[in-house]
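Undergrad: In the UniProt record's numbering, the protein residues as written are 1 to 500. C-beta: ideal position from N, C-alpha, C; glycine also. Small disclaimer: the values here were computed from a predicted structure and weren't measured.
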């Protein structure tokens, strides 16, 4: 082996002494800079020690964990955000479509043109884009705060107005549906768009870089380790949502009720600041990885040297690593992929997966919160600490089994079919589980015809539950027929009512 090449490539070991990298261009298609670790002024022996596949797998898995944390955190705080900035679930669907749109565009163009460049640097730029997305998602709280509106939902403010009381003269304008301010919705859409760009670069380039720099027989196990980290992301995200939602949205303000009250709005914005800051810290480490890891360059160079010695080297092999990509090349690649039956059917299966399972997975915390009448904090903790832990263990065990037993692609496809059918059957079974009906008035059929609220025009009164002397809970003082309110030493009490 060429001596200078060996010295340079030994720097891929974490414990190897740093030496100057000098490539013999006669046997290598990579320049000295291609295997140098670091970026800008951050270069030298210390950074070169980081050029290791083990460290890359660790960072790649950690990054996947944080990436999935952002998604699960968004859906974990969804009901709170809907109340805070007054948006509907349909509007949330439009907002999240921004991420899907940018993901597709970035996958088609950015990922392809960056495929023959320094992939880790492009991944780092994607991480910065995701960090900006986190900060943008927190902006509505600071720019469009609705503190006064949220505080006025307190039943203690009933003496300031009669909006929640029975009013026969309530005018139709009072019954107009509040669709919320469009400005925070635009901000959230922009944040979702930025997130899609970063997610695309992470998955398309990150997995390719791992596959290019690891021996093929080790790819399944190392990929499963990285996937294990990604699967831990929802656990972190839902747990973070559970923690943040325990605090009132305006830190330091006492709203007069606790998180078990339906009017409680947690500090949904806090987690975005933590996630964004973490991403900013990780980005430089990704940017420091070289275009190709030293040991990979050594393996490719030796293989090329052997090919030349045997006379089997081709011109295409010599220029492959430095070829320039173009739009016509991309069309040729796309045409080759769409004619690959295995690839096409795998993508069709992925489409059904995203249409079928992903909506349930993403809205699972909201489903548990509503179906089992838990607080947002409790629902997120349950979601993150149970099913997602088993999912992570499944990914890790699967990688070990594939590596040890050398399972074929056909066997894996069959196993996927079996587990998918079983998973779908169990999810359908959720329809038979739930809590007994609440003893709430005006929730059962024909509740709007209750005698206590006839003529009160309660159709669009804000939700403010109140306990009646008959042992039932009413949606608001209006639904209980309350026409007046008064102050006593224990707080506000409604009076002149049919049942309270």
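Compute the Euclidean distance between the alpha carbons of residue 79 and residue 376, then round it to the nearest angstrom.
TA: Here residue 79 refers to the residue found at position 79 when the chain shown is read from its first residue. Here residue 376 refers to the residue found at position 376 when the chain shown is read from its first residue. Using only the alpha carbons, I get a separation of about 8 angstroms.
Undergrad: Less than 9 angstroms separating the beta-carbons of residue 235 and residue 60?
TA: Position 235 of the chain shown, counted from the start, is the residue given in the question as residue 235. Position 60 of the chain shown, counted from the start, is the residue given in the question as residue 60. In this structure, residue 60 does not lie closer than 9 angstroms to residue 235 by Cβ.
Undergrad: List the whole-angstrom C-beta distance separating residue 141 from residue 269, where the pair is believed to meet the contact cut-off of C-beta under 8 angstroms.
TA: Translated into positions along the chain shown, residue 141 becomes position 141. Translated into positions along the chain shown, residue 269 becomes position 269. In this structure, residue 141 and residue 269 form a Cβ contact; the two beta carbons are roughly 4 angstroms apart against a cut-off of 8 angstroms.
Undergrad: Report the rounded CA-to-CA distance for residue 112 versus residue 330, giving the unit in angstroms.
TA: On the chain shown, position 112 is the one that residue 112 refers to. On the chain shown, position 330 is the one that residue 330 refers to. The straight-line gap from Cα to Cα measures roughly 7 angstroms.
Undergrad: Are residue 99 and residue 196 touching if we call contact CB-CB under 9 angstroms?
TA: If you number the chain shown from 1, residue 99 lands on position 99. If you number the chain shown from 1, residue 196 lands on position 196. Yes; because the gap between Cβ atoms is below 9 angstroms, this pair is in contact.
Undergrad: Between residue 55 and residue 129, how many whole angstroms is the CB-CB distance? I'm expecting something under 8 angstroms.
TA: As a working mapping, residue 55 is identified with position 55 in the chain shown. As a working mapping, residue 129 is identified with position 129 in the chain shown. The C-beta distance from residue 55 to residue 129 rounds to 23 angstroms, too long to fall under 8 angstroms, and the pair is not in contact.
Undergrad: Between the segment 205–225 and the segment 340–348, do at least 3 Cβ pairs fall closer than 8 angstroms?
TA: No contact exists between the segment 205–225 and the segment 340–348.
Undergrad: What is the C-beta distance between residue 586 and residue 106, in whole angstroms, given that I count them as a contact (C-beta under 8 angstroms)?
TA: With the chain covering 1 to 500 only, the question about residue 586 has no answer from this structure.
Undergrad: In the DSSP assignment, what are the bridge partners of residue 266?
TA: Taking the chain shown and counting its residues from 1, one reaches residue 266 at position 266. Answer by DSSP bridge pairing, in chain order: 248.
Undergrad: Measuring straight from C-alpha to C-alpha, what distance separates residue 221 and residue 250?
TA: Position 221 of the chain shown, counted from the first residue, corresponds to residue 221. Position 250 of the chain shown, counted from the first residue, corresponds to residue 250. Approximately 46 angstroms, taken between the alpha carbons.
Undergrad: Taking Cβ positions only, does residue 365 come closer than 9 angstroms to chain B?
TA: Note that chain B does not occur in the displayed structure, where there is just one protein chain.
Undergrad: Quick one: measure Cβ to Cβ for residue 367 and residue 427, integer angstroms, because I've assumed they're closer than 8 angstroms.
TA: Start at 1 with the first residue of the chain shown, and residue 367 comes out as number 367. Start at 1 with the first residue of the chain shown, and residue 427 comes out as number 427. Not really, about 11 angstroms apart at Cβ, beyond 8 angstroms.
Undergrad: Helix, strand or coil for residue 257 per DSSP?
TA: Residue 257 sits at position 257 when you count from the first residue of the chain shown. Looking at residue 257 - three-state DSSP - the assignment turns out to be coil, as it is neither helix nor strand.
Undergrad: Are the Cβ atoms of residue 400 and residue 242 separated by less than 9 angstroms?
TA: Numbered from 1 along the chain shown, position 400 holds the residue referred to as residue 400. Numbered from 1 along the chain shown, position 242 holds the residue referred to as residue 242. No. Outside cutoff.
Undergrad: Could you give the distance in angstroms between the alpha-carbon of residue 215 and the alpha-carbon of residue 62?
TA: Taking the chain shown and counting its residues from 1, the one referred to as residue 215 is at position 215. Taking the chain shown and counting its residues from 1, the one referred to as residue 62 is at position 62. If I take the Cα positions, the gap works out to 22 angstroms.
Undergrad: Assign residue 217 to one of two classes, buried (16 or more other C-beta atoms within 10 Å of its C-beta) or exposed (fewer than that).
TA: Numbered from 1 along the chain shown, position 217 holds the residue referred to as residue 217. Answer is exposed; the Cβ neighbour count stays below 16.
Undergrad: Around the C-beta of residue 371, are 16 or more other C-beta atoms found within 10 angstroms, so that it is buried, or is it exposed?
TA: On the chain shown, residue 371 is found 371 positions in, with the first residue counted as 1. With fewer than 16 other Cβ atoms within 10 Å, it is exposed.
Undergrad: So if DSSP puts residue 231 in a beta bridge, which residue, or which two residues, is it bridged to?
TA: By 1-based counting over the chain shown, the position of residue 231 is 231. BP columns for residue 231 are empty, so no partner.
Undergrad: Can you name, in chain order, every residue of its own chain whose Cβ lies under 7 angstroms from the Cβ of residue 246, other than the five neighbours on each side?
TA: The residue labelled residue 246 in the question sits at position 246 within the chain shown. So the list reads 259, 266, 377, once near-sequence residues are dropped.
Undergrad: Whose C-alpha, out of 127, 253, 37, 239, is nearest the C-alpha of residue 205?
TA: To locate residue 205, count along the chain shown from 1; it is residue 205. Closest option to residue 205, Cα to Cα, is 127.
Undergrad: So what does DSSP say about residue 43, is it helix, strand or coil?
TA: Reading the chain shown from its first residue, position 43 is the one you call residue 43. Three-state DSSP puts residue 43 in a strand.
Undergrad: Enumerate in chain order the residues of its own chain whose CB-to-CB distance from residue 227 is below 6 angstroms, with the five nearest sequence positions on each side excluded.
TA: Stepping through the chain shown from its first residue, residue 227 is reached at position 227. Cβ neighbours of residue 227 beyond the five flanking positions: 395.
Undergrad: Mind pulling the alpha helix (DSSP H) runs of 4 or more residues that sit fully within the segment 95–119?
TA: 111–114
Undergrad: Flag this pair as yes or no: are the beta carbons of residue 286 and residue 120 separated by less than 9 angstroms?
TA: On the chain shown, position 286 is the one that residue 286 refers to. On the chain shown, position 120 is the one that residue 120 refers to. Yes, these two residues count as a Cβ contact at 9 angstroms.
Undergrad: Report the CB separation of residue 229 from residue 64 in whole angstroms; it is logged as a contact under 8 angstroms.
TA: Reading the chain shown from its first residue, position 229 is the one you call residue 229. Reading the chain shown from its first residue, position 64 is the one you call residue 64. Rounded, the Cβ-Cβ distance is 5 angstroms, consistent with contact.
Undergrad: Tell whether a beta-carbon distance below 9 angstroms holds between residue 134 and residue 276.
TA: Mapped onto the chain shown, residue 134 falls at position 134. Mapped onto the chain shown, residue 276 falls at position 276. Against a cut-off of 9 angstroms, the Cβ pair of residue 276 and residue 134 comes out as a contact.
Undergrad: Pick helix, strand or coil for residue 329, following the three-state DSSP scheme.
TA: The residue you call residue 329 lines up with position 329 of the chain shown. Looking at residue 329 - three-state DSSP - the assignment turns out to be helix.
Undergrad: Give the single residue among 419, 118, 408 whose Cα lies nearest to the Cα of residue 293.
TA: Within the chain shown, the letter at position 293 stands for residue 293. Measuring from the Cα of residue 293, the nearest candidate turns out to be 118.
Undergrad: Does the distance from the C-beta atom of residue 362 to that of residue 75 stay below 9 angstroms?
TA: Start at 1 with the first residue of the chain shown, and residue 362 comes out as number 362. Start at 1 with the first residue of the chain shown, and residue 75 comes out as number 75. Going by C-beta atoms, residue 362 is nearer than 9 angstroms to residue 75.
Undergrad: Excluding five sequence neighbours on each side, which residues of the same chain lie with their C-beta closer than 6 angstroms to the C-beta of residue 77?
TA: The residue labelled residue 77 in the question sits at position 77 within the chain shown. Answer for residue 77: 241, 268, listed in chain order.
Undergrad: May I ask you to report which of helix, strand or coil DSSP gives residue 482?
TA: Indexing the chain shown from 1 puts residue 482 at position 482. Coil, per DSSP.
Undergrad: Keeping to the same chain, check which residues put their C-beta closer than 6 angstroms to that of residue 102; ignore five residues upstream and five downstream.
TA: Taking the chain shown and counting its residues from 1, the one referred to as residue 102 is at position 102. Cβ within range, chain order: 193, 196, 197.
Undergrad: Assuming contact is defined by CB atoms lying nearer than 9 angstroms, are residue 501 and residue 181 in contact in what I supplied?
TA: Not covered by the structure: residue 501. The range shown for the chain is 1 to 500.
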